[in-house]
Amino acid sequence: MTNAQRKFLRSLQQKKERKTTNSFLIEGAKIVNETLQATHSPYKIKQLFATQDFLTDLESQNILNNKVNDLDNEIEIILSTSNQLSEAGSLKSNNAAIAVLEFPTLEVPKKLENLALLLENINDPGNLGTIIRIADWYGIEDIFCSLQTVDLYNSKTLSATMGSFLRVNVHYGNEFEFLKLAEGNTFGAFLDGKNVHQTKFPQKGILVIGSESHGISEKLGKEIMNKITIPSFAPNNGNDNQSAESLNAAIATAIICDNWRRS
Numbered sequence: 025m026t027n028a029q030r031k032f033l034r035s036l037q038q039k040k041e042r043k044t045t046n047s048f049l050i051e052g053a054k055i056v057n058e059t060l061q062a063t064h065s066p067y068k069i070k071q072l073f074a075t076q077d078f079l080t081d082l083e084s085q086n087i088l089n090n091k092v093n094d095l096d097n098e099i100e101i102i103l104s105t106s107n108q109l110s111e112a113g114s115l116k117s118n119n120a121a122i123a124v125l126e127f128p129t130l131e132v133p134k135k136l137e138n139l140a141l142l143l144e145n146i147n148d149p150g151n152l153g154t155i156i157r158i159a160d161w162y163g164i165e166d167i168f169c170s171l172q173t174v175d176l177y178n179s180k181t182l183s184a185t186m187g188s189f190l191r192v193n194v195h196y197g198n199e200f201e202f203l204k205l206a207e208g209n210t211f212g213a214f215l216d217g218k219n220v221h222q223t224k225f226p227q228k229g230i231l232v233i234g235s236e237s238h239g240i241s242e243k244l245g246k247e248i249m250n251k252i253t254i255p256s257f258a259p260n261n262g263n264d265n266q267s268a269e270s271l272n273a274a275i276a277t278a279i280i281c282d283n284w285r286r287s
């Protein structure tokens with residue numbers, strides 16, 4: 025790895041540079057290995073920076089040969105040391121490989137055939153990554169994000185997805201336009217909605233999750249047909265301070281998705 029290559033990898037920690045180069049990086053042996061083995065992913069690996077041990081292990085499994093010999097995948101392989109990878113990336117351990125990927129070309133579906141998520145102004149990368157992982161678990165193929173939602177390609181977001189970003193399409197754009205795709209089958213997580221455990225969900229629709237600090241905005245809330253809430257079962261005993269004020273956005277998403285899928 026040259027100094028210029030190291031600087032390039034470091035620059036991809038910045039959203040502006042990712043946008044300029046139309047690329048981002050993934051770090052760590054596990055996620056790089058999973059990406060190399062992904063068969064139906066829209067992501068294409070441009071460069072692979074890896075230790076000799078990592079490359080040898082890939083060759084023994086014939087993973088690398090299969091990928092490189094695929095005419096649609098021209099991967100530049102750069103032999104690197106663990107120290108070089110640590111200096112170039114954000115991980116101080118699990119630093120056997122870093123891959124540079126191209127932004128995928130994703131088409132927003134013209135109509136919904138399944139449950140989809142709409143995230144309004146989620147600003148914590150860990151929450152976004154976890155929600156993507158939840159979507160993957162519950163068979164949700166599309167997540168729509170407002171332009172103010174944290175960047176998918178933030179290293180913390182990608183790490184939190186645990187590889188699920190490879191199987192879930194994440195679209196950024198106007199939340200009001202996305203909402204129209206549901207054709208009225210819109211559900212939003214509120215503090216004062218109908219009990220989620222008593223709600224009958226349709227096969228397809230959009231579930232809206234608001235920001236961690238403010239929830240769903242008043243303006244977007246007016247466009248949501250069904251307001252739902254997750255009731256607390258904590259004993260109150262007349263003391264309002266004896267239970268949590270609200271749930272984490274990712275936890276709320278998981279609970280509602282589970283109810284939706286079992287409805």
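Residue 25 is where the sequence shown starts when you use my numbering, and the numbers rise one by one after that. Built from N, CA and C at the ideal position, the CB exists for glycine as well. All values derive from a computational prediction rather than experimental measurement.
C-alpha gap between residue i and residue j, whole angstroms
| i | j | result |
| --- | --- | --- |
| residue 72 | residue 56 | 9 Å |
| residue 162 | residue 285 | 7 Å |
| residue 76 | residue 108 | 13 Å |
| residue 136 | residue 215 | 27 Å |
| residue 207 | residue 119 | 46 Å |
| residue 95 | residue 252 | For residue 95, the pLDDT reaches just 43, beneath the cut-off of 50, and the residue's location in the model is therefore unreliable, although a value from the coordinates is still provided. Computed Cα separation, rounded: 49 Å. |
| residue 219 | residue 255 | 6 Å |
| residue 124 | residue 156 | 21 Å |
| residue 27 | residue 196 | 34 Å |
Residue i: first and last residue of the uninterrupted beta strand (DSSP E) it sits in
| i | result |
| --- | --- |
| residue 219 | 210-219 |
| residue 228 | Run containing residue 228: none; DSSP gives neither H nor E here. |
| residue 70 | 69-74 |
For residue i, the first and last residue of its enclosing alpha helix (DSSP H)
| i | result |
| --- | --- |
| residue 59 | 53-61 |
| residue 275 | 273-286 |
| residue 243 | 242-245 |
Beta bridge counterpart(s) of residue i as assigned by DSSP
| i | result |
| --- | --- |
| residue 195 | 168 |
| residue 46 | Residue 46 is not bridged to any residue. |
| residue 250 | 211 |
Buried or exposed (CB count within 10 angstroms, at least 16 for buried), residue i
| i | result |
| --- | --- |
| residue 273 | buried |
| residue 78 | buried |
| residue 237 | exposed |
| residue 138 | exposed |
| residue 199 | buried |
Proximity test, residue i beta-carbon vs the ligand PLP heavy atom, cut-off 7 Å
| i | result |
| --- | --- |
| residue 57 | With respect to the ligand PLP, the structure shown offers nothing to examine, as it has no ligands at all. |
Cβ of residue i within 8 Å of any chain C Cβ
| i | result |
| --- | --- |
| residue 36 | Protein chain content of the structure displayed is limited to a single chain, and chain C is not contained in it. |
Whole beta strand (DSSP E) elements within the segment 102-186, 3-residue minimum:
Listed in chain order, the complete beta strand (DSSP E) runs (minimum 3 residues) inside the segment 102-186 are 121-126, 139-143 and 166-170.
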